[in-house]
Every structure is written in structure tokens, then in C-alpha cells.
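Enquirer: Just so we're aligned, residue 0 is where the sequence shown starts under numbering that gives the first Met the number 0, counting upward by one.
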Amino acid sequence: MEQSIKKQILFVDDEPNILAGLQRMLRGMRNEWDMSFVPGGIEALKIMTEKHFDVIVSDMRMPEVDGAQLLTKVKELYPNMVRIILSGHSEKEMILKTVKPAHQYLSKPCDAETLKSAIGRVFFVNDLILRNNLTNIILQIETIPCLPALYLELNNLLKSPETSTQQIGKVISKDLGMTAKILHLVNSAFFGLPCHISDPTHAVSLLGVDTMKALVLIAGIFSQFDVKKVRFMDIQRLFDHCMKTAAMAKEVAAKEKFSKKDIDDIFISGLVHDVGKLILADNLPEKYKEILKEASVQDICLEEAEFKFLGTTHADIGAYLMALWGLPDTIVKNIACHHHPERLSAKELSQLTVLYVVNILEYETRQCSSKEIPSCGFNSVYIDEIGLSEKVDEWKCLFETVD
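1) Can you tell which of V215, R230, P284 and L146 has its C-alpha closest to the C-alpha of A322?
2) Note down, in chain order, each residue of its chain lying with its Cβ closer than 7 Å to the Cβ of A252, except the 5 sequence neighbours on either side.
3) Using the three-state DSSP reduction, which class does R29 fall into: helix, strand or coil?
4) Which runs of the beta strand (DSSP E) fall wholly inside the region 29-88 and span at least 3 residues, in chain order?
5) Three-state secondary structure (DSSP) at I8?
6) Could you check what DSSP says for S187 in three-state terms: helix, strand or coil?
7) Quick check on DSSP: helix, strand or coil for L348?
8) Looking at A294 and I372, is the spacing between their C-beta atoms short of 7 Å?
9) Does DSSP put L105 in a helix, a strand or coil?
10) If you draw a straight line from the alpha carbon of A403 to that of T142, how long is it in whole angstroms?
11) In this structure, how does DSSP classify E393 when only helix, strand and coil are distinguished?
12) Who are the Cβ neighbours of E90 in its own chain at under 6 Å, not counting the five residues just before and after it?
13) Suppose the cutoff is 7 Å on Cβ atoms and the five residues either side in sequence are ignored; what does the same chain contact list for F433 look like?
14) So L237 is in the alpha helix (DSSP H); what residue range does that whole segment cover?
15) Note the first and the last residue of the continuous alpha helix (DSSP H) segment covering F230.
16) With DSSP collapsed to three states, give me the class of D13.
17) What whole-angstrom Cβ distance do P284 and V229 have, given they're in contact under 8 Å?
18) Please return the same chain residues whose Cβ sits closer than 7 Å to the Cβ of Q166, not counting the five positions on each side in sequence.
19) So the candidates are I217, I334 and K169; which of them puts its Cα closest to the Cα of K180?
20) Output needed for T178: all residues of its chain with C-beta closer than 8 Å, excluding positions within five of it in sequence on either side, in chain order.
21) Measuring alpha carbon to alpha carbon, tell me which residue in I299, S116, I46 and D233 is nearest D273.
22) Am I right that A407 and I290 are in contact with their C-beta atoms under 8 Å? What's the rounded C-beta distance?
23) Could you give the C-beta distance for I55 and M80, rounded to a whole number, given that I count them as a contact under 8 Å?
24) Work out the CA separation of I334 and R120 for me, nearest whole Å.
25) From I385 to P340, what does the alpha carbon distance come to, in whole angstroms?
26) Please name the residue, chosen from D65, P62, E112 and S57, that lies closest to G27 on a Cα-to-Cα basis.
27) Which residue wins for smallest C-alpha separation from C336, given the options W324, A148 and S349?
28) Looking at I267: is its Cβ nearer than 7 Å to the Cβ of A213?
29) Can you name, in chain order, every residue of its own chain whose Cβ lies under 8 Å from the Cβ of P327, other than the five neighbours on each side?
30) Cα separation between M61 and G191?
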């Protein structure tokens with residue numbers, strides 16, 4: 000099979016004018032990418048037997064073999080190929096059909112920068128894998144959670160500036176299972192709302208669209224894991240840790256006068272920062288049992304035990320998944336470095352700094368059992384370099400107040 004130094008991308012669409020438009024749109028990338036364009040699923044499957052591809056970008060609705068069928072086959076035959084759907088159809092049923100075989104879902108019309116960014120992020124993921132010795136572990140992972148369909152539907156809805164709170168609440172309400180989970184979270188102690196909320200629309204109006212969307216994301220991720228399969232882990236404790244870390248990171252960021260966008264990004268980062276633990280436990284249960292035992296018996300932090308057994312950590316795996324899904328680079332970096340913020344060159348208070356400190360504080364201030372695996376503790380050199388010693392004490396008081 001022919002291979003090239005350039006990144007190999009296959010575009011599939013049954014409409015010739017769409018393919019021609021893609022060729023024109025991406026002409027400036029010809030020095031970096033080797034691009035092939037084919038008019039259907041059958042042609043795509045044929046050319047893949049002749050040539051290696053890193054990424055496939057396919058339309059959804061095509062005759063004979065549609066996008067979902069094509070990507071399902073690609074997933075089976077070429078599991079390491081990144082799969083992106085580019086579709087003009089935003090109905091929930093269509094998204095549900097597509098979301099499992101695809102890594103990312105982009106809606107038409109899709110401008111050049113959005114498409115370049117999505118594909119560029121794929122190669123960022125590949126670099127992440129190579130830099131962090133992830134290749135062997137990724138090859139062992141058979142089950143990667145898909146981006147929740149309701150999350151995708153909300154993203155599509157929010158592209159219109161005219162979308163109302165009522166419309167968002169109505170979309171969430173259509174999914175009864177998700178509605179129950181979201182309302183349970185909204186009414187939990189993490190948010191401390193003054194009254195009981197029984198309607199998603201009311202929840203959106205109180206907490207905001209971005210917070211609700213983030214809750215849909217984390218609830219949708221956790222719901223994809225079989226609790227019985229990972230019963231050796233305390234999933235509820237992990238979920239509570241993610242929720243509390245996110246809530247407190249958001250409060251700290253607001254106290255430090257971060258922008259609304261930064262606060263929203265910190266909240267999402269806090270919610271998903273430990274998803275890599277779930278992926279490892281679900282796909283490598285026996286190995287992860289050993290890792291948990293090693294950390295407990297040797298009284299070392301989980302990250303240290305993971306690296307000893309796997310050569311990588313849950314932070315790297317979580318970052319890989321978020322990058323694969325197309326979440327913003329800032330969130331991906333927050334997750335990748337939430338135990339080692341010193342790996343990024345910035346020596347100033349940032350989203351990552353807040354997540355790093357709050358994650359450790361949540362462990363240290365929790366009323367732990369004797370079996371609790373210790374945290375890695377603070378990097379005092381990093382804390383001193385940024386001048387955070389006093390702020391850490393201030394933020395710790397926030398936890399104690401909530402507790």
C-alpha cells in the first residue's frame with residue numbers, strides 16, 4: 000500500500016460541485032496535505048485498498064453506501080484512521096446514526112477555517128500520541144466513548160444567534176433519560192441553588208447555556224460506561240470529584256476575574272479532566288486493577304503508578320479523546336497538563352493553573368477513607384515561580400466553606 004510523508008486525507012461526497020468546492024477551499028493546503036476526492040462510498044473503499052489515509056471526511060447522505068455505513072466499515076477495516084462526518088442534516092436521528100462511527104461531526108455549510116482547524120487538530124492528536132508514548136496503549140483501546148448526540152444537537156442549535164432558552168430546554172427535554180440526569184446534577188449541592196428545579200428551561204435560565212451544555216457532555220460520557228465492568232473503581236467518587244473540581248475551579252476563576260469564556264473553558268476542563276481513568280479502566284480492566292493496587296500499596300499517586308505500568312497516564316488519554324472530538328485546544332492542553340502545568344511555558348495565572356491547584360485541593364480537603372490513593376501534591380517550584388502561595392491558601396478556604 001502506497002504511503003507518503005505528507006498527511007493523507009480522503010474526501011467523500013456524491014455531489015461533484017461539493018467536491019470541487021472542497022478542492023478550491025483547500026488548495027492552499029496542498030504543500031502540507033495529500034488530498035484525494037472520490038464521489039461515493041464504494042469508490043472510497045476501493046481507493047483505501049490502494050493507498051494509506053490518515054483521515055477520512057465523508058458526507059452523510061449518499062446513495063448505495065451512506066456516510067454512517069462507510070465510516071462503520073472504515074472503523075472495522077482501518078481503526079486508526081480518523082473519521083469525520085461533514086453533513087447538512089442536523090436532525091437528532093441523523094446525528095445518532097452518525098455519532099458512533101465518527102470521531103467528529105461537522106455541519107454544512109462549513110467554512111475553510113473550520114474544516115482546516117478540525118483536520119489540523121487531528122494531526123495535533125497524532126503528535127500528542129507520538130510525544131507521550133501513547134501508541135501502544137491506543138492500539139489496545141477498543142472502546143472509546145462517542146461525543147454525546149444531545150451535545151452535538153445543542154451545538155448545532157446554538158449556531159443560530161436567535162436560539163432561545165425555551166428552545167434549548169425543549170431539546171434537552173426530548174431526551175427523558177438525559178433530562179433526569181441533568182436535573183439531578185442541577186439540584187445537587189454542587190450548585191447550591193435556592194430552590195428545586197424541575198424544568199430544563201428553568202435550569203438553562205439560572206445556570207446559563209454553556210454550563211448546561213457542559214453538564215450534558217459529562218453526563219453523556221459517564222453514561223456510556225458499564226459500571227459492572229469497572230466495579231473495582233468507585234465511579235461515583237470519580238464523578239463527584241470531577242463535578243466538585245469543575246464547580247470550584249469555576250468559582251475560583253470568577254473570583255480572579257477571568258473572562259466568561261475562560262470560566263466556561265475551566266468548568267468543562269474540570270468536568271472531563273479525569274475521563275482518561277474511565278477509558279483505561281474500561282479497556283484494560285485487569286491492568287488498571289494492578290495500577291490501583293500498586294498506588295495504594297506503595298502509597299504513590301495514581302499518575303505515577305499509571306506511568307510505571309503503561310508508560311503514559313490518564314491525563315494523556317483524556318487529552319487524546321478531547322482532541323479527537325474537536326474540543327478547543329485550550330481544554331485539550333488543560334487536560335493533558337493538569338498534573339504538570341510546568342510543561343507549558345506560560346509562567347502566569349491561567350486556566351491550567353486554576354485546574355491544577357483546585358484538582359489537588361479537592362483531594363486534600365476531601366474527608367478521605369484510609370484506602371484513598373494520595374494526590375501527587377504541589378510542585379512548589381512552579382507555585383513559587385507564579386507567586387501562588389498566598390492564593391492557594393485563599394482558594395483552600397473556598398473549599399472549606401463549601402464543605
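The C-beta atom is built at its ideal place from N, Cα and C for all residues, glycine as well.
Expert: This is what the structure gives:
1) Of the residues V215, R230, P284 and L146, the one whose Cα lies closest to the Cα of A322 is L146.
2) Residues D261, I262, I265 and V353 of the same chain have their beta carbon placed closer than 7 Å to that of A252, with the five preceding and five following residues left out of the count.
3) R29: coil per DSSP, three-state reduction.
4) The region 29-88 contains these whole beta strand (DSSP E) runs: 32-37, 54-58 and 81-86.
5) When DSSP states are grouped into helix, strand and coil, I8 belongs to the strand group.
6) Of the three classes helix, strand and coil, the one that applies to S187 here is coil, per DSSP.
7) Judged by DSSP in its simplified three-state form, L348 adopts coil rather than helix or strand.
8) Going by C-beta atoms, I372 is nearer than 7 Å to A294.
9) Three-state DSSP puts L105 in a strand.
10) Residue 403 lies beyond the residue range present for the chain, which begins at 0 and ends at 402; the question has no answer from this structure.
11) E393 carries a helical assignment under DSSP once its states are collapsed to helix, strand and coil.
12) Legend: pLDDT at E90 = 48, less than 50; position of this residue unreliable, value from coordinates given subsequently. Counting only residues of its own chain and dropping the five nearest sequence neighbours on each side, E90 has no CB closer than 6 Å to any other CB.
13) In the structure as shown, the chain begins at 0 and stops at 402. Residue 433 is therefore absent and cannot be evaluated.
14) Per DSSP, the continuous alpha helix (DSSP H) segment holding L237 begins and ends at I234 to K254.
15) A quick correction: the sequence has Arg, not Phe, at residue 230. Counting along the chain, R230 falls outside any alpha helix (DSSP H), and DSSP gives it neither H nor E.
16) DSSP places D13 in the coil class of the three-state scheme, outside both helix and strand.
17) Yes, they are in contact, since the Cβ atoms of P284 and V229 sit about 7 Å apart, within 8 Å.
18) Within the same chain, Q166 has close Cβ partners L156.
19) With distances taken between Cα atoms, K180 lies closest to I217.
20) Once the five neighbours on either side are set aside, the close Cβ partners of T178 are I171, S172 and P199.
21) Distance from the Cα of D273 is smallest, within the candidate group I299, S116, I46 and D233, for D233.
22) The requested residue 407 is not part of the displayed model; the chain covers only 0 to 402.
23) Contact between I55 and M80 is confirmed by a C-beta separation of about 6 Å, below the 8 Å threshold.
24) CA-CA distance, R120 to I334, rounds to 15 Å.
25) C-alpha separation (whole angstroms): 11 Å.
26) Checking every option, the nearest Cα to that of G27 belongs to E112.
27) Taking each of W324, A148 and S349 in turn and checking the Cα distance to C336, the smallest one comes out for S349.
28) Contact annotation: I267 and A213 have beta-carbon atoms nearer than 7 Å.
29) Hits under 8 Å: D264.
30) M61 and G191 have their C-alpha atoms some 49 Å from each other.
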